[in-house]
Structure formats: C-alpha cells, structure tokens
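Protein chains: 2
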Amino acid sequence: MSQTKTVEPRPYHHGDLRRALVDAARRLLEAEGPSALSLRAVAREAGVSPAAPYHHFKDKSELMDAVAQEGWETLNAQMAEAKTRDAGPHQLTALGITYVCFARENPALYRVMYDMVREKEALPEDAQSNKDSAYCMVRDTMVERGADPAAETHLELATIAAWCGAHGLAEMAGFKQFEHLKEELGGERAFLDAVLSHMGLFAPKHGAC
Amino acid sequence: MSQTKTVEPRPYHHGDLRRALVDAARRLLEAEGPSALSLRAVAREAGVSPAAPYHHFKDKSELMDAVAQEGWETLNAQMAEAKTRDAGPHQLTALGITYVCFARENPALYRVMYDMVREKEALPEDAQSNKDSAYCMVRDTMVERGADPAAETHLELATIAAWCGAHGLAEMAGFKQFEHLKEELGGERAFLDAVLSHMGLFAPKHGAC
DNA sequence: TTTCACATCTGAGCGCTGTACAGATATCTT
DNA sequence: AAGATATCTGTACAGCGCTCAGATGTGAAA
Numbered sequence: 340m341s342q343t344k345t346v347e348p349r350p351y352h353h354g355d356l357r358r359a360l361v362d363a364a365r366r367l368l369e370a371e372g373p374s375a376l377s378l379r380a381v382a383r384e385a386g387v388s389p390a391a392p393y394h395h396f397k398d399k400s401e402l403m404d405a406v407a408q409e410g411w412e413t414l415n416a417q418m419a420e421a422k423t424r425d426a427g428p429h430q431l432t433a434l435g436i437t438y439v440c441f442a443r444e445n446p447a448l449y450r451v452m453y454d455m456v457r458e459k460e461a462l463p464e465d466a467q468s469n470k471d472s473a474y475c476m477v478r479d480t481m482v483e484r485g486a487d488p489a490a491e492t493h494l495e496l497a498t499i500a501a502w503c504g505a506h507g508l509a510e511m512a513g514f515k516q517f518e519h520l521k522e523e524l525g526g527e528r529a530f531l532d533a534v535l536s537h538m539g540l541f542a543p544k545h546g547a548c
Numbered sequence: 340m341s342q343t344k345t346v347e348p349r350p351y352h353h354g355d356l357r358r359a360l361v362d363a364a365r366r367l368l369e370a371e372g373p374s375a376l377s378l379r380a381v382a383r384e385a386g387v388s389p390a391a392p393y394h395h396f397k398d399k400s401e402l403m404d405a406v407a408q409e410g411w412e413t414l415n416a417q418m419a420e421a422k423t424r425d426a427g428p429h430q431l432t433a434l435g436i437t438y439v440c441f442a443r444e445n446p447a448l449y450r451v452m453y454d455m456v457r458e459k460e461a462l463p464e465d466a467q468s469n470k471d472s473a474y475c476m477v478r479d480t481m482v483e484r485g486a487d488p489a490a491e492t493h494l495e496l497a498t499i500a501a502w503c504g505a506h507g508l509a510e511m512a513g514f515k516q517f518e519h520l521k522e523e524l525g526g527e528r529a530f531l532d533a534v535l536s537h538m539g540l541f542a543p544k545h546g547a548c
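First to last, the sequence lines map onto chains A and B.
With the first letter of the first sequence counted as 1, position 127 gets the number 466 in this note's numbering; the numbers rise by one all the way through.
With the first letter of the second sequence counted as 1, position 96 gets the number 435 in this note's numbering; the numbers rise by one all the way through.
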C-alpha cells in the first residue's frame with residue numbers, strides 16, 4: 340500500500356493479519372457454524388486482541404464480506420471445473436448439481452455468502468460481467484445449448500429463473516420433510532437431479548411436465 | 340391492551356403477555372427491521388422487564404418461532420384468497436405471484452419465517468399435511484390443472500421445484516442487478532411474471548423455452 | 001544514524017445483548 | 001383465610017460490536 344521495494348505489499352507486524360483473520364473465520368465457520376462467528380472469536384482464533392481486526396476491516400460485516408467473497412470465488416471455480424468435466428447435453432444439469440452440492444457441502448459458508456447478498460440486495464458485483472462467474476457460466480451454457488443470444492431479455496430471465504431454482508433447492512434440500520423422497524429415489528444426489536429436472540431449465544429440451 | 344373481561348383463558352397479570360409480545364415483535368419488525376428485533380427491545384415495546392418473556396417462551400428463538408408461525412398463517416391465508424380469486428388456467432402463476440409478492444411486501448417477516456425454517460431445517464410442521472397450507476395448495480392446484488395425482492413422487496417433486504423457484508425469486512427479486520429488466524418489462528410485477536413463467540412450473544403447459 | 005511519521009496492535013471501557021435467579025406480587029384453589 | 005402457583009421485577013453475568021488512548025514496531029527522511 341505504501342512502498343514498492345518487493346513484489347508484495349509487505350505487511351508490518353503480524354505478517355498478514357487480514358489474511359490470517361479471513362482464514363481464522365473460515366476455520367471457525369467450518370468447526371462451529373455461523374452462529375459462533377463473532378468478531379472477537381475470530382480475533383481470538385487468530386491470536387490477536389479484539390480491536391486488531393478494525394485496522395483491516397471497517398466493521399464486522401466487512402470481514403464477513405471478505406469471507407463471503409472467497410466463498411463465491413470457490414463456487415465459481417467449482418462450477419468452471421464442472422463445466423469442463425461435463426460438456427455433454429446435460430451440462431446445465433451438471434452446473435445445477437454442482438451449485439447445489441457446493442451449498443450442501445459448505446452450508447455455513449453458503450449462508451455467509453447469502454447473508455452478504457441479502458444485506459447488499461445484490462449478487463456479487465461482477466456476477467453479470469465477469470466471464471468466470473457462476474452466473475455468466477450458466478447464461479453462456481444456455482446459449483451453447485441452443486438459447487438465442489440475441490434474445491437478451493429472454494436469456495437473462497431464463498438465467499435468473501435457473502438461479503432462483505438452484506438457490507431455493509440449495510436451501511431446502513436438507514429439509515426433513517424430503518427424507519422419504521431421497522430414500523425412494525436412492526439418495527440425495529438422485530433427489531437433487533429429480534428436482535432440478537422438474538424445473539425444466541436445466542434439461543435442454545423436455546419441458547416441465 | 341390490558342384487561343379482558345371476556346371468554347379467553349383469563350391470564351394473570353398483564354392480560355395476555357404472550358400475545359402482546361408477539362404483537363410488539365411484529366410492530367418492531369415492521370418499523371425497524373429484523374436486526375432491531377432483540378428480546379429486550381420486544382420486552383421494552385411491550386412495557387415489561389427483560390426477563391418477563393421467559394415465562395412465555397423458552398428462549399428468544401421460541402419467540403421468533405411464534406412470530407414466524409403467524410407469518411406462515413398470513414401467507415397461507417393470502418394464498419387461499421388468491422386461489423379463489425383466480426380460478427382460471429393461470430391459477431398456478433397467480434399463486435406464485437402471490438407468494439413472491441407477500442415476501443416482497445413483508446421482507447422482514449419473510450426473513451424471520453425462513454430463519455425459523457433454516458434453523459429447524461424443515462418447513463412448518465403441517466406444511467405437507469394441512470390442506471390450507473401454501474404447500475398443499477400448490478400441490479392440489481397442480482392436480483386440478485392436469486397433473487396425475489397417482490404419480491405421487493412426480494407430483495411431490497414438481498411442487499418442491501415450484502416452491503424452490505418461488506422462494507429463490509422471493510429472495511432475489513429486489514436485487515439491484517435486475518433493475519433494468521424491471522424497467523424494460525414495465526415494472527416489478529411484470530418482471531416477476533416473466534421469471535415465474537420461465538420456470539415452466541407455474542404456467543400449465545408451454546414448457547420452458 | 002538519528003529522527004520522525006505512521007501503520008499496527010493492545011487494554012480498558014461503553015452500551016448493548018441473551019439468559020439466570022432470587023424475591024415480590026397477583027391470581028387460583030382449597 | 002391460607003397455601004400453592006403462575007407471573008413479573010431487579011439484579012447480575014458473560015459475551016458481543018465498537019471506540020479510543022496509548023504502546024510498539026516499521027519504513028522513509030534527515
């Protein structure tokens with residue numbers, strides 16, 4: 340931020356407290372869940388005083404934003420990997436499954452991610468512009484699978500609809516009421532597959548019912 | 340606000356503190372938003388000491404559950420009204436719109452409702468059994484609109500898919516990124532309609548794309 | 001090298017929170 | 001009239017987000 344002797348910003352006392360705090364937060368999040376994620380607990384976990392974080396984050400929500408941001412980047416990466424892994428006609432379904440599985444495997448992180456999104460009332464800033472964002476990946480895949488890229492509004496609406504469905508499923512997949520369906524269908528994965536295909540947006544061309 | 344000469348269970352000191360607390364909570368929720376909804380603030384609003392609520396609720400989350408429960412009942416009622424109002428072929432869409440509009444008009448309450456649901460990892464207990472629940476209403480409407488009631492699994496999956504989509508849209512409809520779409524389509528209502536119809540679950544029979 | 005400016009971290013403290021508990025008070029039962 | 005019990009208050013405690021004055025380390029200027 341100040342000098343340019345070496346390549347990196349070269350931190351001062353701690354090493355890189357900002358990084359350490361975000362790491363500590365993610366560790367706590369995984370170990371204790373979102374309710375344990377207090378600023379003081381994070382500082383404790385990182386081995387600094389409760390006031391130290393305020394030199395790197397304006398307030399608690401800014402620290403949470405940093406954690407959430409990393410979550411979005413991880414999600415983007417997993418979606419990209421899924422897209423290259425499955426290039427067949429069910430690519431969209433594969434993306435949907437990947438999205439929901441990410442949420443199911445990182446429930447605490449997913450919650451922090453959407454806490455941020457709800458607070459800001461917006462997806463991450465670059466969601467619609469960054470080619471590598473999950474959102475753009477879904478939209479592009481729709482085009483590759485036959486949607487007309489000239490019908491911009493139509494395409495955008497379809498992407499939003501898919502995103503809404505995936506997010507809804509991500510939040511509800513774990514509900515107790517659906518246990519018997521999972522058993523009947525042979526596991527959670529099959530359940531997710533079935534619900535997604537009922538959304539009619541993730542399977543290329545066989546409508547809804 | 341204090342006396343009750345009438346039929347009711349005849350409470351002791353306050354009148355019906357439990358009721359008063361839930362009312363106070365809803366008042367606060369609407370006026371100050373969900374972050375202002377502390378147990379102490381609710382007690383203050385109701386004019387009692389911070390410890391008083393503990394004689395009516397095990398802890399804060401039980402009070403929140405009561406608020407959320409009322410929210411679900413209000414939602415159920417509005418869905419029922421919508422169903423009788425619009426009995427045409429777009430009944431399902433009307434239900435979807437009603438759901439999302441409820442969430443958009445009562446954002447704080449909707450959040451408390453889903454806080455409960457996320458905590459319990461389940462929809463309200465009677466969601467799948469109570470005929471008057473929004474969930475059953477959607478499922479029944481699907482049958483009335485042509486779905487095969489014998490294909491139970493299929494029907495259940497379609498209902499879940501629709502619910503997921505509606506919930507996703509309820510949470511995302513206010514996002515800043517979608518402002519231009521709302522303008523282009525001529526208002527938020529048209530936007531909701533468009534996204535819902537892209538889900539392919541709310542319009543009876545014209546697939547997705 | 002000494003000095004200085006400043007980034008970083010600590011410790012104490014404020015007002016808030018959820019919750020516990022002992023004691024006061026009102027109501028119901030006998 | 002007396003006792004049991006439900007209800008409410010006052011006080012207290014630990015934890016929270018956040019602020020601020022002061023200590024401490026660091027890089028740049030003299």
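Even for Gly, the Cβ is constructed at its ideal location relative to N, Cα and C.
As the structure is a computational prediction, the values presented were derived from the model and not from experiment.
Along the chain, where does the alpha helix (DSSP H) that runs through Lys521 (chain B) open and close?
Mapped onto the second sequence, residue 521 (chain B) falls at position 182. It spans 518–524 - the alpha helix (DSSP H) in which Lys521 (chain B) sits, taken as one unbroken run.
Return yes when the Cβ of Leu360 (chain B) is within less than 7 Å of the Cβ of Phe541 (chain B), no when it is not.
What you label residue 541 (chain B) is simply residue 202 of the second sequence in a count that begins at 1. What you label residue 360 (chain B) is simply residue 21 of the second sequence in a count that begins at 1. Not in contact: Phe541 (chain B) and Leu360 (chain B) (Cβ atoms no closer than 7 Å).
Suppose contacts are defined by Cβ-Cβ distances below 7 Å. Is Leu402 (chain B) in contact with Phe441 (chain B) by that definition?
For this step, residue 402 (chain B) is matched to residue 63 along the second sequence. For this step, residue 441 (chain B) is matched to residue 102 along the second sequence. The answer is no: Cβ separation not under 7 Å.
Helix or strand or just coil, what does DSSP make of Glu409 (chain A)?
Position 70 of the first sequence holds residue 409 (chain A). Residue state, collapsed to three classes: helix.
Nearest to Asp532 (chain B) (by Cα), restricted to the options B:Ala490, B:Gln516, B:Leu508
The residue given as residue 532 (chain B) occupies position 193 in the second sequence. That would be B:Leu508, whose Cα lies nearest to the Cα of Asp532 (chain B).
Of the choices A:Lys422, A:Gly386, A:Gly372, A:His353, whose alpha-carbon is the least far from that of Glu483 (chain A)?
The residue you call residue 483 (chain A) lines up with position 144 of the first sequence. Nearest option by C-alpha distance: A:Lys422.
Taking C-beta pairs closer than 8 Å, name the residues in chain A that Val534 (chain B) reaches, listed in chain order.
Working through the second sequence from its first residue, we reach residue 534 (chain B) at position 195. Under the 8 Å cutoff, chain A gives Leu496, Ile499, Ala500, Cys503.
Three-way DSSP call (helix, strand, coil) for Ala490 (chain B) in this model
Along the second sequence, read from residue 1 onward, the residue named residue 490 (chain B) stands at position 151. Ala490 (chain B) falls in the coil class under three-state DSSP.
Give, in chain order, every residue of the region 438–454 of chain A whose Cβ lies closer than 7 Å to some Cβ of chain B.
none
Sufficient close CB pairs (3 or more, under 8 Å) joining the region 459–475 of chain B to the region 461–480 of chain A
no
Cβ distance (whole Å) where Ala489 (chain A) is taken to contact Ala497 (chain A) below 8 Å:
Start at 1 with the first residue of the first sequence, and residue 489 (chain A) comes out as number 150. Start at 1 with the first residue of the first sequence, and residue 497 (chain A) comes out as number 158. The Cβ separation is near 14 Å, so there is no contact.
Contact belief for Leu520 (chain B) with Thr480 (chain A) at Cβ below 8 Å, rounded distance in angstroms:
Stepping through the second sequence from its first residue, residue 520 (chain B) is reached at position 181. Stepping through the first sequence from its first residue, residue 480 (chain A) is reached at position 141. Actually they do not touch by this definition, with Cβ atoms about 20 Å apart.
Give a yes or no on whether the minimum CB-CB distance between Gln417 (chain A) and chain B is below 7 Å.
Position 78 of the first sequence, counted from the first residue, corresponds to residue 417 (chain A). Not an interface residue.
Just to confirm the assignment: which complete alpha helix (DSSP H) runs, minimum length 4, are found wholly within the region 447–506 of chain B?
473–483
Quick check on this structure: which residue in A:Gly427, A:Ala419, A:Ala447 has the alpha carbon closest to the alpha carbon of Thr437 (chain A)?
Your numbering for residue 437 (chain A) matches position 98 in the first sequence. Cα-wise, what sits closest to Thr437 (chain A) is A:Ala419.
Would you say Phe514 (chain A) lies against chain B (beta-carbon separation less than 7 Å)?
On the first sequence, residue 514 (chain A) is found 175 positions in, with the first residue counted as 1. Chain B contact via Cβ: present.
Can you list, in chain order, the residues of its chain whose CB lies under 7 Å from that of Asp465 (chain A), leaving out five sequence neighbours each side?
The residue you call residue 465 (chain A) lines up with position 126 of the first sequence. Ser472, listed in sequence order.
Partner residues on chain A for Thr492 (chain B), Cβ-Cβ distance less than 9 Å
Position 153 of the second sequence, counted from the start, is the residue given in the question as residue 492 (chain B). By Cβ distance, chain A contributes Leu520, Glu523, Leu524, Ala533.
Would DSSP call Phe514 (chain B) helix, strand or coil?
In the second sequence, counting from the first residue as 1, residue 514 (chain B) sits at position 175. Phe514 (chain B) falls in the coil class under three-state DSSP.
Using a Cβ-Cβ cut-off of 7 Å (strictly less than) and excluding sequence neighbours within five positions of Ala364 (chain A), which residues of its own chain qualify?
Here residue 364 (chain A) refers to the residue found at position 25 of the first sequence. Excluding residues within five positions, the ones whose Cβ falls inside 7 Å are Leu376, Val381, Leu402, Val406.
Whether Arg357 (chain A) touches His395 (chain A) by CB criterion (7 Å):
Position 18 of the first sequence, counting from 1, holds the residue named residue 357 (chain A). Position 56 of the first sequence, counting from 1, holds the residue named residue 395 (chain A). Against a cut-off of 7 Å, the Cβ pair of His395 (chain A) and Arg357 (chain A) comes out as a contact.
Go ahead and label Arg450 (chain B) buried or exposed: buried means 16 or more other beta carbons lie within 10 angstroms of its beta carbon, across all protein chains shown.
To locate residue 450 (chain B), count along the second sequence from 1; it is residue 111. Flag for Arg450 (chain B) reads buried.
Whole-angstrom Cβ separation of Leu605 (chain B) and Arg478 (chain B), contact assumed at under 8 Å?
Residue 605 (chain B) lies beyond the stretch modelled for chain B, which goes from 340 to 548, so this question has no answer here.
Local conformation of Val361 (chain A) per DSSP, three classes
For the purposes of this step, residue 361 (chain A) is taken as residue 22 along the first sequence, with counting starting at 1. Looking at Val361 (chain A) - three-state DSSP - the assignment turns out to be helix.
Taking Leu535 (chain B) as part of the alpha helix (DSSP H), name the residues at either end of that continuous run.
Locating residue 535 (chain B) in the second sequence gives position 196, counting from the first residue. That run of the alpha helix (DSSP H) goes 527–537.
Own chain, CB closer than 8 Å to Glu409 (chain B), minus 5 neighbours either side, in chain order
Walking along the second sequence from the start, residue 409 (chain B) turns up at place 70. Within the same chain, Glu409 (chain B) has close Cβ partners Val361, Arg365.
Verify the CB distance criterion: does Met558 (chain A) have a CB-CB separation below 7 Å to chain B?
This structure cannot speak to residue 558 (chain A), because chain A is shown only from 340 to 548.
So, helix, strand or coil for Phe441 (chain A), using DSSP?
Position 102 of the first sequence, counted from the start, is the residue given in the question as residue 441 (chain A). Looking at Phe441 (chain A) - three-state DSSP - the assignment turns out to be helix.
Three-way DSSP call (helix, strand, coil) for Asp355 (chain A) in this model:
Numbered from 1 along the first sequence, position 16 holds the residue referred to as residue 355 (chain A). Coil, per DSSP.
Give the straight-line distance between the Cα atoms of Ala512 (chain B) and Ala501 (chain A), rounded to the nearest whole angstrom.
Stepping through the second sequence from its first residue, residue 512 (chain B) is reached at position 173. Stepping through the first sequence from its first residue, residue 501 (chain A) is reached at position 162. Roughly 13 Å separates the two Cα atoms.
Return the CA-CA distance between Glu371 (chain B) and Arg383 (chain B), expressed in angstroms with no decimal places.
Numbered from 1 along the second sequence, position 32 holds the residue referred to as residue 371 (chain B). Numbered from 1 along the second sequence, position 44 holds the residue referred to as residue 383 (chain B). Rounded to whole angstroms, Glu371 (chain B) to Arg383 (chain B) spans 14 Å at the Cα level.
Would Phe514 (chain A) and Glu412 (chain B) qualify as a contact pair, given that the criterion is a beta-carbon distance under 7 Å?
Reading the first sequence from its first residue, position 175 is the one you call residue 514 (chain A). Reading the second sequence from its first residue, position 73 is the one you call residue 412 (chain B). No, the Cβ-Cβ distance between Phe514 (chain A) and Glu412 (chain B) is not below 7 Å.
Distance check for Asp355 (chain A) and Ser341 (chain A), CA to CA, integer angstroms please.
Counting from 1 along the first sequence, the entry for residue 341 (chain A) is found at position 2. Counting from 1 along the first sequence, the entry for residue 355 (chain A) is found at position 16. Any reading at Ser341 (chain A) is ruled out, since the residue's pLDDT is 32, under 50, leaving its predicted position unreliable.
Can you tell me where the alpha helix (DSSP H) with Leu286 (chain B) in it begins and where it stops?
Residue numbering for chain B in the displayed model covers 340 to 548; residue 286 (chain B) lies beyond these limits and cannot be assessed.
When DSSP labels each residue in this structure, what does Ser388 (chain A) get in the three-state scheme?
Within the first sequence, the letter at position 49 stands for residue 388 (chain A). Here Ser388 (chain A) sits in coil by DSSP.
Can you list the residues of chain B that Arg528 (chain A) reaches, using a CB-CB cut of under 9 Å?
For this step, residue 528 (chain A) is matched to residue 189 along the first sequence. None at all; the shortest Cβ gap to chain B is about 14 Å.
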